[in-house]
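Residue numbers (full-length UniProt numbering), protein chains in the order written: chain U, 1 to 269; chain F, 1 to 269.
First comes the structure, then the notes that go with it.
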């Protein structure tokens, strides 16, 4: 059983999930595809997001992936059910793991979700949370400026904090929110800024850590853990992007120490 | 889909898991069976543990349970594979969730496990950890005095700290252990004492929290979440024991605020 785990995202954001997957499942092989050319998905039409997601999935299926991780909240919100119905391998999104993490964390029973416009409008987190805990309170706010900020690499500049302050102002006004879900896999890249803005009153959760253990659980239940001992060098993740290699190169090295990953540009069109 | 989730344990220890299951899955119905009469399982023969566990399972199957949670590390170590092979419902033990939680937590890559003699001798945690992360370091110590201490209710008395000090002395000597798995579901009941003894250098993990999210994940994957909105009063967990009601009554109320649970003595023999 030497098949890789496939990970798809609209761009670099899913590297936060890949990083956790590698940390929690160091024996596994990973192949990652980020559709940076057409990023952000968060303000595209449903039909476009569906089409782009399926194009990524068809590309990765060539590599005989054993599990598909949809490391993009927008694609999870809009396409996960379709993928689960039509693929014969287990498919794991990031919304249910994020919802489960929030249910574990909240004591006030009031959770805030920030994400792209599409994710927030889909109410996918609200549904996932209420499906498990019907009486939970939620407040959702879209932050359309975050993904362009991160994909451009300008998130270390001084005006980035102003963008974050402005975007989260309405959440800070609600007194009893104790848990904030980063409902977009790009956002952990600016998590220190977000934590600085919301302060100690909220626990900031990324879906990435919980998605890591959910994938581990699914590998156990479907008996899909890598069984062979493989050569460490063959375990470098393969990272593919439809866009520029520049930001990928920087984020994978600076933030995730994925120095040894092989990075390649591909075309889906 | 109004079927309950079955939870079995050798005694009161699994109430730590039931508590987390109820917290993370408030819509679900639970039926718990603790075999206090024959507790502890930790020093019984493999054959006895298998027989007793199957007797509990057969008793709970009458209630048409949709998932079985083996909230006992000893029974998980010795009987989980058999149960998974022979039952048509998903079966979740506590060892793999505990192992996953430790892999998420450790930074030094050295994890200690404390449990009953049977659990430690089975090396079930070592195997579960290495199956996911081959190069992880483990140190295991059995604490045969803990379960009798807890089941007797004497764990608040002053000599309890001496028992804990003595039992954990060898673990405290290992400088790079940063994560301690409570490899017995009884142990969270004395978690404050254990944390006091090991100090800040170790994160003390119970399997209970992670087992809660693992059951939630399995309900999602098998499409088994409770779909009806049910009357809150019908959601009181049913707690059955083969032994004395006294310690159960005290622990369920004092520690878990399970005041509304119905408690009943039954016989398996």
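All C-beta atoms in this analysis are idealised placements derived from N, C-alpha and C, irrespective of residue type, glycine included.
Inset, instruction - Could you tell me whether the stretch 24 to 42 of chain F touches the stretch 85 to 96 of chain F, using the rule of 3 or more Cβ pairs below 8 Å? - result: No contact exists between the stretch 24 to 42 of chain F and the stretch 85 to 96 of chain F.
Legend entry - In chain order, each beta strand (DSSP E) run of at least 3 residues that lies wholly inside the stretch 132 to 218 of chain U: Within the stretch 132 to 218 of chain U, the complete beta strand (DSSP E) segments of 3 residues or longer fall at 137 to 142, 179 to 182, 203 to 206, listed in chain order.
Inset, instruction - Label residue 166 (chain U) either buried or exposed according to how many other C-beta atoms from any shown protein chain fall within 10 Å of its C-beta, with 16 as the threshold for buried. - result: Position 166 of the first chain, counting from 1, holds the residue named residue 166 (chain U). The residue in question, residue 166 (chain U), is exposed, as its Cβ has fewer than 16 Cβ neighbours within 10 Å.
Inset, instruction - Note down, in chain order, all residues in the stretch 76 to 107 of chain F with a beta-carbon under 7 Å from any beta-carbon belonging to chain U. - result: Answer set for the stretch 76 to 107 of chain F: 96, 100, 103, 104.
Legend entry - residue 269 (chain U) (DSSP reduced to helix, strand or coil): Counting from one through the first chain, the residue named residue 269 (chain U) turns up at place 269. Residue 269 (chain U) falls in the coil class under three-state DSSP.
Inset, instruction - Kindly indicate if chain A contains any beta-carbon less than 8 Å away from that of residue 217 (chain F). - result: The chain labelled as chain A is not found among the protein chains of the depicted structure, namely U and F.
Legend entry - Three-state class that DSSP yields for residue 288 (chain F) in the structure shown: There is simply no residue 288 (chain F) to check, as chain F begins at 1 and stops at 269 in what is shown.
Inset, instruction - Would you kindly report the start and end of the unbroken beta strand (DSSP E) that includes residue 116 (chain F)? - result: Locating residue 116 (chain F) in the second chain gives position 116, where the first residue counts as 1. Boundaries cannot be given for residue 116 (chain F), as no beta strand (DSSP E) includes it and DSSP labels it neither H nor E.
Inset, instruction - Determine the closest residue to residue 247 (chain F) out of F:82, F:147, F:121, F:141, with distance taken between C-alpha atoms. - result: Taking the second chain and counting its residues from 1, one reaches residue 247 (chain F) at position 247. Taking only the C-alpha atoms, the option nearest residue 247 (chain F) is F:147.
Inset, instruction - Output yes or no for whether 8 Å exceeds the beta carbon distance between residue 121 (chain F) and residue 94 (chain F). - result: In the second chain, counting from the first residue as 1, residue 121 (chain F) sits at position 121. In the second chain, counting from the first residue as 1, residue 94 (chain F) sits at position 94. Cβ atoms of residue 121 (chain F) and residue 94 (chain F): not closer than 8 Å.
Legend entry - Three-state secondary structure (DSSP) of residue 65 (chain F): Along the second chain, one-based indexing puts residue 65 (chain F) at 65. In this structure, DSSP gives residue 65 (chain F) a state outside helix and strand, which the three-state scheme calls coil.
Legend entry - Contact set between residue 30 (chain F) and chain U, taken where Cβ atoms lie within less than 8 Å: Position 30 of the second chain, counted from the start, is the residue given in the question as residue 30 (chain F). Chain U residues near residue 30 (chain F): none, gap ~15 Å exceeds 8 Å.
Legend entry - Residue of U:224, U:172, U:208 minimising C-alpha distance to residue 200 (chain U): On the first chain, position 200 is the one that residue 200 (chain U) refers to. The shortest C-alpha separation from residue 200 (chain U) is found at U:172.
Legend entry - Chain-ordered chain U contacts of residue 221 (chain F) [CB-CB under 8 Å]: Numbered from 1 along the second chain, position 221 holds the residue referred to as residue 221 (chain F). What residue 221 (chain F) touches in chain U: 90, 218, 221.
Legend entry - Residue of F:141, F:132, F:102, F:133 minimising C-alpha distance to residue 116 (chain F): If you number the second chain from 1, residue 116 (chain F) lands on position 116. That would be F:141, whose Cα lies nearest to the Cα of residue 116 (chain F).
Inset, instruction - Could you list which residues in chain U have their beta carbon closer than 9 Å to that of residue 213 (chain F), in chain order? - result: For this step, residue 213 (chain F) is matched to residue 213 along the second chain. Correct list: 97, 100, 101, 103, 104, 210, 213, 214, 217.
Inset, instruction - Could you name the residues of chain F that residue 225 (chain U) contacts, counting a contact when the two beta carbons are closer than 9 Å? - result: Start at 1 with the first residue of the first chain, and residue 225 (chain U) comes out as number 225. The contacting residues are 131, 132.
Legend entry - Start-to-end residues for the beta strand (DSSP E) that takes in residue 241 (chain U): Within the first chain, numbered from 1, the residue matching residue 241 (chain U) stands at position 241. Annotation for residue 241 (chain U): the continuous beta strand (DSSP E) segment containing it runs 238 to 241.
Legend entry - Sufficient close CB pairs (3 or more, under 8 Å) joining the stretch 174 to 190 of chain F to the stretch 184 to 193 of chain U: No: fewer than three Cβ pairs fall under 8 Å.
Inset, instruction - Please state whether DSSP places residue 247 (chain U) in a helix, a strand or coil. - result: Reading the first chain from its first residue, position 247 is the one you call residue 247 (chain U). Collapsing the DSSP output to three states places residue 247 (chain U) in a helix.
Inset, instruction - Taking 8 Å as the threshold, find out whether the stretch 4 to 23 of chain F comes into contact with the stretch 49 to 61 of chain F through three or more Cβ pairs. - result: Taking 8 Å as the limit for Cβ pairs, the verdict is that the stretch 49 to 61 of chain F does touch the stretch 4 to 23 of chain F.
Legend entry - Segments assigned alpha helix (DSSP H), at least 4 residues, entirely inside the stretch 12 to 49 of chain U: You should have 15 to 24.
Legend entry - Proximity of residue 24 (chain F) and residue 104 (chain U) at Cβ, strictly below 8 Å: Residue mapping note: residue 24 (chain F) aligns to position 24 of the second chain, counting from 1. Residue mapping note: residue 104 (chain U) aligns to position 104 of the first chain, counting from 1. Yes; because the gap between Cβ atoms is below 8 Å, this pair is in contact.
Inset, instruction - Go through its chain and collect everything with a Cβ distance to residue 150 (chain F)'s Cβ below 6 Å, but skip five positions before and after it. - result: Stepping through the second chain from its first residue, residue 150 (chain F) is reached at position 150. If we look at residue 150 (chain F) and ignore the five residues flanking it on each side, its Cβ neighbours are 186, 189.
Inset, instruction - Run the CB neighbour count on residue 118 (chain F), radius 10 Å, all protein chains shown included, and call it buried at 16 or more, exposed below. - result: As a first step, residue 118 (chain F) must be located in the second chain, where it is residue number 118. A buried status is given to residue 118 (chain F), since no fewer than 16 other beta-carbon atoms sit within 10 Å of its beta-carbon.
Inset, instruction - Would you tell me roughly how many angstroms separate the C-alpha atoms of residue 29 (chain U) and residue 235 (chain U), rounded to the nearest one? - result: One-based indexing of the first chain puts residue 29 (chain U) at position 29. One-based indexing of the first chain puts residue 235 (chain U) at position 235. Between residue 29 (chain U) and residue 235 (chain U), the C-alpha separation is close to 5 Å.
Legend entry - Inter-residue CB distance, residue 18 (chain F) and residue 75 (chain F) (contact presumed, cutoff 8 Å): As a position in the second chain, residue 18 (chain F) is number 18, starting the count at 1. As a position in the second chain, residue 75 (chain F) is number 75, starting the count at 1. The beta carbons of residue 18 (chain F) and residue 75 (chain F) sit about 15 Å from each other, so the pair does not count as a contact at 8 Å.
Inset, instruction - Could you have a look at residue 9 (chain F) and say whether DSSP puts it in helix, strand or coil? - result: Within the second chain, the letter at position 9 stands for residue 9 (chain F). Three-state DSSP puts residue 9 (chain F) in a strand.
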